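Participant: Residue numbers (our numbering): 904 to 988. Every residue gets a Cβ at the ideal spot worked out from N, C-alpha and C, and that includes glycine. Predicted model only: the values in this text are computed from it and were never measured.
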Amino acid sequence: MRLTRLACAVAFGLACHSAFAATAYVSNEKDDSISVIDLDSLEVTATLAVGMRPRGLLLSSDTQQPPTEVGGLVTYGLKVRIRVD
Numbered sequence: 904m905r906l907t908r909l910a911c912a913v914a915f916g917l918a919c920h921s922a923f924a925a926t927a928y929v930s931n932e933k934d935d936s937i938s939v940i941d942l943d944s945l946e947v948t949a950t951l952a953v954g955m956r957p958r959g960l961l962l963s964s965d966t967q968q969p970p971t972e973v974g975g976l977v978t979y980g981l982k983v984r985i986r987v988d
């Protein structure tokens, strides 16, 4: 399970905008959270509670708010807002 999360984190992190090339966002569907992973150290730097069954992460057009699918509804930052600094 942990290896699967890490593989997904690496894949998602590499697909992100260049400003976020060293950061991955991984949905933890059964934990109702999103993990923020530093890809240089492969360490979880934050775990954000976002609501029921998050999945399907994308970056918004301003690359600041990753829209998250929560319980089958894609929120695009309206219901689940995560500040990315």
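Between which two residues does the beta strand (DSSP E) harbouring A949 extend?
Facilitator: It spans E946 to A952 - the beta strand (DSSP E) in which A949 sits, taken as one unbroken run.
Participant: Using DSSP with H/G/I as helix, E/B as strand and the rest coil, what is D934?
Facilitator: Helix.
Participant: Around the C-beta of A927, are 16 or more other C-beta atoms found within 10 angstroms, so that it is buried, or is it exposed?
Facilitator: Buried.
Participant: If I'm right that D935 touches A952 with Cβ under 8 angstroms, what's the distance once you round it to whole angstroms?
Facilitator: Confirmed, Cβ separation roughly 6 angstroms.
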